[in-house]
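Data block below; observations after.
Chains as they are written, first to last, in this note's numbering: chain A, 1 to 228; chain B, 229 to 329.
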């Protein structure tokens, strides 16, 4: 049985933009993560997210034309369909970073499960591949949330981050998926009571976005049409 | 934070060999990091993740040699000549039996 309508190309772009920008933000921890092992692991997760973005852009390019690169880097800042959650710059707050990580991964798991049901064989196949890697991300996010929740200070910082980011996280998914997301958060993060708030929807961008866009597209803009 | 030793098995049925070590606060973290470092590129079939304190290390694991017992070692013996003689003996035995047949 179909659980959701076929995603539009704009929803595909939203997914791709989320993964690209979160990958970029997570990579800001490279070299300064809490310890060496985590530095490698978190950088690797950042890289995987960007790989997923590329795959989603390629699917969107079937309809929109261009390539993954033109979609990723040649649009104006206002054209990105990313969720404000992924645009926030969270270095050097590890507690908040883990709060975003776990909220994002739990929402993403719901999104990817929906895509697996798509009638578009390319999209369903891609979702299945991505799910295998995202399973590791969920595991990583959950172990960190649990670890932080073990100590008073860790739990206070994590929960403060979850409370602050919750309205943004709600904006990641739409419609009935929101209820499923809420249920998943209640189950996986029992130390957090999600407040009843208005979601921060896609469309608007946070202040930090313009600076990040500038940094992300700088090299490509410096050599238009360059072959790498 | 504890140190964990990671052993990897490249293919099913092969022996596990030491891959390296990592630091992690508990089993879940050790599991996640070991997968990341030794499983991400499908380079391992299975992993053993062992807390270092569970490994029993024995240094200089021999009884110190007090007397000269060179004769116990095999590296001084040449079996080349012995082998040659044995082959020749086998050959002439074969020739004999062939002749007898």
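Where is the CB? At the ideal position from N, CA and C, for every residue including glycine.
Measure the CB-CB distance between residue 234 of chain B and residue 277 of chain B and report whether it falls below 8 Å.
-> Reading the second chain from its first residue, position 6 is the one you call residue 234 of chain B. Reading the second chain from its first residue, position 49 is the one you call residue 277 of chain B. Yes, these two residues count as a Cβ contact at 8 Å.
Interface residues of the stretch 129-150 of chain A facing chain B [CB-CB below 8 Å] | Against chain B - using a Cβ distance shorter than 8 Å - the residues of the stretch 129-150 of chain A are 136, 139, 140, 143, 146 and 147.
Report the neighbours of residue 275 of chain B on chain A: residues whose CB is nearer than 8 Å to its CB, in chain order.
-> Position 47 of the second chain, counting from 1, holds the residue named residue 275 of chain B. In chain order: nothing, as chain A lies at least about 14 Å away.
Whole beta strand (DSSP E) runs in the stretch 16-98 of chain A with 3 or more residues, listed along the chain?
-> Counting only runs of 3 or more, we get nothing.
Short CB-CB distance (under 8 Å) between residue 37 of chain A and chain B | The residue labelled residue 37 of chain A in the question sits at position 37 within the first chain. Yes, residue 37 of chain A counts as interfacial toward chain B.
Nearest CA to the CA of residue 70 of chain A: which residue from A:124, A:78 and A:57?
-> Mapped onto the first chain, residue 70 of chain A falls at position 70. It is A:57.
Looking at the unbroken alpha helix (DSSP H) that takes in residue 142 of chain A, where does it start and where does it end?
-> Here residue 142 of chain A refers to the residue found at position 142 of the first chain. Start and end: 121-149.
Could you tell me if residue 94 of chain A is buried or exposed, where buried requires 16 or more neighbouring beta carbons within 10 angstroms of its beta carbon?
-> Taking the first chain and counting its residues from 1, one reaches residue 94 of chain A at position 94. It is buried - the Cβ of residue 94 of chain A has at least 16 other Cβ atoms within 10 Å.
6 Å Cβ shell around residue 80 of chain A - same chain, five flanking residues per side excluded = On the first chain, residue 80 of chain A is found 80 positions in, with the first residue counted as 1. Within the same chain, residue 80 of chain A has close Cβ partners 17.
Of all Cβ atoms in chain B, is any one closer than 8 Å to the Cβ of residue 27 of chain A?
-> Stepping through the first chain from its first residue, residue 27 of chain A is reached at position 27. Not an interface residue.
With respect to the beta strand (DSSP E) encompassing residue 235 of chain B, which residues constitute its N-terminal and C-terminal limits?
-> Your numbering for residue 235 of chain B matches position 7 in the second chain. Note, residue 235 of chain B: beta strand (DSSP E), 230-237.
Thinking C-alpha only, which one of A:61, A:88, A:37 and A:10 is nearest residue 210 of chain A?
-> Numbered from 1 along the first chain, position 210 holds the residue referred to as residue 210 of chain A. Answer by Cα proximity: A:88.
For a contact meaning CB atoms closer than 8 Å, what does residue 276 of chain A contact in chain B?
-> Residue 276 of chain A cannot be examined here, being either before or after the span of chain A that is shown, 1 to 228.
Under 9 Å between beta-carbons, which chain A residues line up against residue 285 of chain B? List them in chain order, please.
-> Against the second chain, residue 285 of chain B aligns to sequence position 57. Listed along chain A is no residue with a C-beta nearer than 9 Å to that of residue 285 of chain B; the closest approach is about 23 Å.
Cβ of residue 271 of chain B less than 8 Å from any chain A Cβ?
-> One-based indexing of the second chain puts residue 271 of chain B at position 43. It does not: the Cβ of residue 271 of chain B has no partner Cβ on chain A nearer than 8 Å.
Residue 266 of chain B and residue 236 of chain B look like a contact to me (Cβ under 8 Å); what is the Cβ gap, rounded to whole Å?
-> Residue 266 of chain B sits at position 38 when you count from the first residue of the second chain. Residue 236 of chain B sits at position 8 when you count from the first residue of the second chain. About 5 Å separates the CB atoms of residue 266 of chain B and residue 236 of chain B; that is less than 8 Å, so the two are in contact.
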